[in-house]
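The structure under discussion appears below in the form of structure tokens.
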Amino acid sequence: MSRRSTIKEAFESSKSAATPQFVSPPIFDPCFHDAETILGSYDRCAIANGWDENLKIAYFGTFFSGIANRWYENYVENNISSTWKDIVLEFKVEFPLKPKDAEFEFANKKQFDSEGIREYFYKLKLLTYDVDTHG
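Start counting the sequence shown at 1; every next residue gets the next number (full-length UniProt numbering).
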């Protein structure tokens, strides 16, 4: 019987049977997404793609649209010496979570006729992560 790998071992392992060509994070548009969720997705993609901080910085702006794209272009132009940590901090400041909006959306969420109960449930569950339960 073969030994089962742990999540920790999988992330630390440099060997793999096959490497995907490229794992793409979602395109960030602040009208539809929040910074925390996008950063989490981006970090998971960076790990899967084997990106170091230089590559994270180099690719970050390519996954923006709308005002986020404009913000990043201006940020890069005016902050050429920023590190990945600096970029992440400024990104969170520029596109903060809006817990009150999430609370409103959660309180007023209705299930669409075309939406299955499982899909509706997971959309509600996702909103709970954005609601400030400590304030």
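Don't be surprised by glycine CBs; every beta carbon is placed ideally from N, CA and C.
Values in this document were obtained by computation on a predicted structure and should not be read as measured data.
Item                                                                                                                                                                                : Value
Is the distance from the Cβ of residue 109 to the Cβ of residue 120 below 9 Å?                                                                                                      : yes
Count the other C-beta atoms from every protein chain shown that fall within 10 angstroms of the C-beta of residue 117, then say buried if there are 16 or more, exposed otherwise. : exposed
Which residue from 124, 101, 103 puts its Cα closest to that of residue 111?                                                                                                        : 124
Cβ atoms of residue 87 and residue 57: under 9 Å apart, would you say?                                                                                                              : yes
At a cut of 8 Å, does the segment 27-37 reach the segment 66-76 through at least three beta carbon pairs?                                                                           : yes
Which residues does DSSP list as the beta-bridge partners of residue 28?                                                                                                            : 64
First and last residue of the alpha helix (DSSP H) that includes residue 40?                                                                                                        : 35-49
Just the Cα atoms here: how many angstroms apart are residue 79 and residue 62?                                                                                                     : 17 Å
Evaluate residue 96 with the Cβ neighbour count: other Cβ atoms within 10 Å of its Cβ, from every protein chain shown; 16 or more gives buried, anything less gives exposed.        : exposed
Would residue 75 and residue 53 be called neighbours here (beta carbons separated by less than 9 Å)?                                                                                : no
The alpha helix (DSSP H) with residue 93 in it runs from where to where?                                                                                                            : 84-94
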